[in-house]
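Colleague: Got a structure for you, written out below as structure tokens; questions coming shortly.
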Amino acid sequence: KKLKKMIEKTLEHKKTMPRTDLHFGRLHKKLLRLWTDEQPRLFYKKHEPSIAIDAVFTLLVDCSASMHDKMEETKRGIVLFHEALKSVFVPHQIVGFWEDSNEANETKQPNYFQTVISFSKSLKKQSGAEIIQLEPQEDNRDSFAIRIMTEQLLQRTEKQKFLLVFSDGEPAAYGYEQNGIIDTHEAVLEARKKGIEVINIFLANGDIDEGQQKTIQNIYGKHSIFVPNVEQLPDILFPLLKKLLYKSL
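Spelled out as structure tokens, the structure:
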């Protein structure tokens, strides 16, 4: 509610901003002020400013087995994110991903995506309860999931595109140990080159190992947010969401 009020206030201010007497824009036909005013404002703007947030989000959730002790709190944080985005009419999707380790072999690695909130349903009043369907499953092939979500976001027409990856460790899947980190890093770079802002939200239970922190930063660079205790997730998500939404105004 607090964020919604802040966004609405900003949008209203944009809407009522003066469109005349500007320092730049279209030149007025009446140029008398050029001689009468010391610092004349001779320009105006013809078009109304946008009064909507031109952004779209994908929340990609690691549903690997290691998330078993973090999933409930993670879902609470994602519910907060969903309700906030819905309240300011920003389309988004929430997708869990995992790989079936029992079926994976050298020739096939079955990967699954569970879209609990789709773009088309994200702004509907009754949406949200579906988030509780997310559950820990098996392995996580992060690079593949990031590339699939990148393709989906590129089909959207919004100006600002955000991909938030919720995870609790390194990529881990069949035959993935050697190149998983490098491949995921490349997938992140590919998405960013295409105009998508990729942010990792790393979920831990207690102190974060320095080596693990370095590995995540090697994948995502400075766009990594470390959450020592998953109970802190809502408090960390609020300023992040505020920052990203204001970026889109």
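Sequence positions in the sequence shown follow the numbering used here and run -16 to 232.
We treat Cβ as the ideally placed atom computed from N, Cα and C, and that holds for glycine.
Note that the coordinates shown come from a computational prediction; the quantities given were computed from them, not determined experimentally.
1) Which residue's Cα is closest to the Cα of L43: H65, D52 and D37?
2) Hey, P119 and H51 are a contact pair by Cβ (cut 8 Å); roughly how many whole angstroms apart?
3) Based on DSSP bridge pairs, tell me the residues matched to N94.
4) Taking Q143 as part of the beta strand (DSSP E), name the residues at either end of that continuous run.
5) Measure the C-alpha to C-alpha separation of I179 and F145 and round it to an integer number of angstroms.
6) With 8 Å as the threshold, decide whether the Cβ of H65 is near any Cβ in chain D.
7) Under three-state DSSP, which class holds F127?
8) What do you get for L137, buried or exposed, if any count of 16 or more other CB atoms within 10 angstroms of its CB means buried?
9) So, do the segment 101 to 112 and the segment 178 to 192 have three or more beta carbon pairs nearer to each other than 8 Å?
10) Enumerated in chain order, which unbroken segments of the beta strand (DSSP E) with a length of 3 residues or greater are wholly contained in the segment 159 to 186?
Modeller: With the structure as the only source:
1) As a working mapping, residue 43 is identified with position 60 in the sequence shown. The residue with the shortest Cα to Cα distance from L43 is H65.
2) Indexing the sequence shown from 1 puts residue 119 at position 136. Indexing the sequence shown from 1 puts residue 51 at position 68. The Cβ separation is near 4 Å, so the contact holds.
3) Residue 94 sits at position 111 when you count from the first residue of the sequence shown. Looking at the DSSP output, N94 shares a beta bridge with E82.
4) The residue you call residue 143 lines up with position 160 of the sequence shown. Q143 to S150 is the span of the beta strand (DSSP E), which, as asked, contains Q143.
5) The sequence position of residue 179 within the sequence shown is 196, counting from 1. The sequence position of residue 145 within the sequence shown is 162, counting from 1. Each residue's CA atom was taken as its position, placing I179 and F145 some 6 Å apart.
6) The structure shown contains no chain D; it is built from a single protein chain.
7) One-based indexing of the sequence shown puts residue 127 at position 144. Helix at F127.
8) Within the sequence shown, residue 137 is the residue found at index 154, counting from 1. Classification for L137: exposed.
9) Put simply, the segment 101 to 112 does not touch the segment 178 to 192. Fewer than three CB pairs are less than 8 Å apart.
10) Here the runs fully enclosed are 179 to 186.
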